[in-house]
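Per numbering that gives the first Met the number 0, residue 0 is the first one in the sequence shown, and the count goes up by one each step. Each residue gets a CB set at the ideal place from its N, CA and C atoms; glycine is no exception. Computed from a predicted model, the values in this text were never measured in an experiment. Structure first, commentary second.
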Amino acid sequence: MIDQWILEKIDSLDGKDVIILRDPQRMIVSGAHVVDGWAEEHGYTVLFCTGNLALREMYEAIRDDPQAKILLVDRSRKGTLFYPDLQIQAGKEGTLSLSLRELLIEQTGDQAWPKLVDDRDLSGLLLEDLPTTLQTHRNLRQAAPNRFSDSDLYKIALGSTLKINPFK
């Protein structure tokens, strides 16, 4: 489910010399086919980075190769990885930010998902078992069709983690 959603997002960026994929919630698992397989098929070198030193070491190894196409997966918390040179090359059209909230809205059609969903600690709980997260959301909607508070979000995370229905 997540992999297909990410593929749809990055397919639109194919052909750019530099793609920046921001993933602060770490929705992409390092080595997952969704990114590595796509990059290999499309001729990109993937740089999975959380820190500036690792990014610079990987980038310096390929920077002078005119054939190199780069897919940078920025796994740092928002704004902590520094790469202005790559940002200029990618531009706005080559930069994509993944958001669990956006995925959940697309999957459920519910615009009421709180912004708190994108908190990295909370999103980790929700991502552990996404199908159960979605089922628990459906349970909320059955119990309270017009309500969706931060407290409800915590209940969804708890229900997803413990595999219980907190909305009985």
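Next on the checklist: Relative to the C-alpha of H136, which candidate in I19, K162 and K77 has its C-alpha closest?
Outcome noted: K162
Checklist entry - Within 10 angstroms of its Cβ, does A237 collect 16 or more other Cβ (buried), or is it exposed? => result With the chain covering only 0 through 167, there is no way to say anything about residue 237.
Next on the checklist: Which same chain residues end up closer than 8 Å to R119 when comparing Cβ atoms and leaving out the 5 residues on each side of it in sequence?
Outcome noted: Around R119: P23, Q24, R25 and R76.
Item to check | Inter-residue Cα distance where the pair is Y153 and L99 | outcome: 15 Å
Checklist entry - Could you give the C-beta distance for F147 and L139, rounded to a whole number, given that I count them as a contact under 8 Å? => result Indeed they touch by this definition, with Cβ atoms about 7 Å apart.
Item to check | Closest by C-alpha distance to K91, when choosing among L20, I1 and Q66 | outcome: L20
Checklist entry - For F47, is the classification buried or exposed, using 16 other Cβ atoms within 10 angstroms of its Cβ as the cut-off for buried? => result buried
Item to check | The beta strand (DSSP E) enclosing K91, as first and last residue numbers | outcome: Careful: K91 lies outside any beta strand (DSSP E) and carries neither H nor E.
Checklist entry - Would you call T132 buried or exposed, if buried means 16 or more other Cβ atoms sit within 10 Å of its Cβ? => result buried
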